[in-house]
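Engineer:
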Amino acid sequence: MHDFRQVDVFSPEPLLGNPVAVVHDADDVSDEQMAAFARWTNLSETTYLLTPTRPGADYRLRIFTPGGELPFAGHPTLGSAHAWLEAGGVPALQGEVVQECAAGLVRVRRGTRLAFAAPPLRRSGPVTEPDLTRIATALGVPRPTLLDASWIDNGPGWVGVLLADADAVLGLSPDWAAFDGLEIGVLGPHPVGGPADVEVRAFCPGHGVAEDPVTGSLNAGLAQWLAGERLPASYVAAQGTALGRRGRVHIDVVGDDVWVGGDTHTTVRGTVVLGVDPG
Numbered sequence: 308m309h310d311f312r313q314v315d316v317f318s319p320e321p322l323l324g325n326p327v328a329v330v331h332d333a334d335d336v337s338d339e340q341m342a343a344f345a346r347w348t349n350l351s352e353t354t355y356l357l358t359p360t361r362p363g364a365d366y367r368l369r370i371f372t373p374g375g376e377l378p379f380a381g382h383p384t385l386g387s388a389h390a391w392l393e394a395g396g397v398p399a400l401q402g403e404v405v406q407e408c409a410a411g412l413v414r415v416r417r418g419t420r421l422a423f424a425a426p427p428l429r430r431s432g433p434v435t436e437p438d439l440t441r442i443a444t445a446l447g448v449p450r451p452t453l454l455d456a457s458w459i460d461n462g463p464g465w466v467g468v469l470l471a472d473a474d475a476v477l478g479l480s481p482d483w484a485a486f487d488g489l490e491i492g493v494l495g496p497h498p499v500g501g502p503a504d505v506e507v508r509a510f511c512p513g514h515g516v517a518e519d520p521v522t523g524s525l526n527a528g529l530a531q532w533l534a535g536e537r538l539p540a541s542y543v544a545a546q547g548t549a550l551g552r553r554g555r556v557h558i559d560v561v562g563d564d565v566w567v568g569g570d571t572h573t574t575v576r577g578t579v580v581l582g583v584d585p586g
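Here my numbering is used: the first residue of the sequence shown is 308, the next is one more, and so on.
1. From PRO585 to PRO398, what distance separates their C-alpha atoms?
2. What does the Cβ neighbour count give for GLN401, buried or exposed, with the cut at 16 atoms within 10 Å?
3. Measuring only the C-alpha atoms, how far is GLU518 from GLY396?
4. Shortest alpha-carbon distance to ALA510 belongs to which of ALA342, GLY464, LEU454?
5. Counting C-beta neighbours from all protein chains within 10 Å, is the total for PRO341 16 or more, i.e. buried, or is it exposed?
6. Any idea if GLY381 is buried or exposed, counting beta-carbon neighbours within 10 angstroms, 16 or more meaning buried?
7. Helix or strand or just coil, what does DSSP make of ALA399?
8. Output yes or no for whether 8 Å exceeds the beta carbon distance between SER431 and SER457.
9. What are the complete beta strand (DSSP E) segments, minimum 3 residues, inside the segment 517-584?
10. Look at the Cβ atom of GLU490, then the Cβ atom of VAL466, and state whether they are nearer than 8 Å.
11. Please classify VAL499: does DSSP put it in a helix, a strand, or coil?
12. Relative to the alpha-carbon of ARG555, which residue among VAL404, LEU356, ARG414, ASP570 has its alpha-carbon at the smallest distance?
13. For ARG553 versus GLU320, is the C-beta distance shorter than 8 Å?
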């Protein structure tokens, strides 16, 4: 039996962000049990807090989608840091939590809201024309609709796509059969005075979730690609609108760091029995 929290991430309003399931003190949980519980929760991600193995880390995190394990993900990072702190975790550094995950050490800043420092991109740069054609087909739009694109992979495999405006993003109706391994993040600007600066959608059927409600890793990659050039150094992204959510992701570029922040609220607290190891 393990302590358990379900944390709503990236919305100031209750139940309108992206929930993450967090299992505490999970050093005794097997890989098979972790994967099985993630499939059972059927959330975008389920995480496990473990004893750190690297100097400087406050805790170690493993992150699972219903389809498998990720080296890094954003909303699970913020939700897990929130759960760890709420359970009495005391970070070594004042004002900052350091998370160990398969992608390395990730800094989480404490302030008005939690924010993580975007990790380095594993893959970046231009997208080939054949891949752009595949992306347009998967999104169900003509190729000229894609104004720009770049690889922005920080773990999940993201490719970022810029569309003309928020309405174009919200109007997408993807062809899921055409994704063939693609994990696509799409962004378009809102008009001045709109609900946010940009609208974002995240399509990731390869991870067992067709559309993720609000996505920290994607917003981190989009900001590393566009913030300070086509977008301001500080802006707010709306995400989840098409799914009836009201996610808000706060981006701030400070020096060489891209900080990705959002509100976090515990919505479920209790214990979980993970059962007999299926292996």
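Glycine is no exception: its CB is placed at the ideal position from the N, C-alpha and C atoms.
Structural biologist: Here's the rundown:
1. In the sequence shown, counting from the first residue as 1, residue 585 sits at position 278. In the sequence shown, counting from the first residue as 1, residue 398 sits at position 91. Note that PRO585 has pLDDT 48, beneath the 50 cutoff, so the model's placement of it is unreliable and the number below is only indicative. Cα to Cα, the separation comes out at about 35 Å.
2. The sequence position of residue 401 within the sequence shown is 94, counting from 1. Exposed is the call here.
3. Residue 518 sits at position 211 when you count from the first residue of the sequence shown. Residue 396 sits at position 89 when you count from the first residue of the sequence shown. Rounded to the nearest angstrom, the two C-alpha atoms are 32 Å apart.
4. In the sequence shown, counting from the first residue as 1, residue 510 sits at position 203. According to the sequence displayed, residue 510 carries Phe and not Ala. Answer by Cα proximity: GLY464.
5. Stepping through the sequence shown from its first residue, residue 341 is reached at position 34. According to the sequence displayed, residue 341 carries Met and not Pro. Classification for MET341: buried.
6. Residue 381 sits at position 74 when you count from the first residue of the sequence shown. That one is buried.
7. Residue numbering aside, residue 399 sits at position 92 when the sequence shown is read from its first letter. In this structure, ALA399 counts as coil in the three-state DSSP scheme.
8. Sequence index remark: in the sequence shown, residue 431 carries index 124 (1-based). Sequence index remark: in the sequence shown, residue 457 carries index 150 (1-based). Closer than 8 Å, so yes.
9. 541-546, 554-561, 564-569, 571-579
10. By 1-based counting over the sequence shown, the position of residue 490 is 183. By 1-based counting over the sequence shown, the position of residue 466 is 159. Yes, they are a contact pair.
11. Residue numbering aside, residue 499 sits at position 192 when the sequence shown is read from its first letter. In this structure, VAL499 counts as coil in the three-state DSSP scheme.
12. Within the sequence shown, the letter at position 248 stands for residue 555. Minimum Cα distance to ARG555 is reached at ASP570.
13. Start at 1 with the first residue of the sequence shown, and residue 553 comes out as number 246. Start at 1 with the first residue of the sequence shown, and residue 320 comes out as number 13. Taking 8 Å as the Cβ cut-off, ARG553 and GLU320 qualify as a contacting pair.
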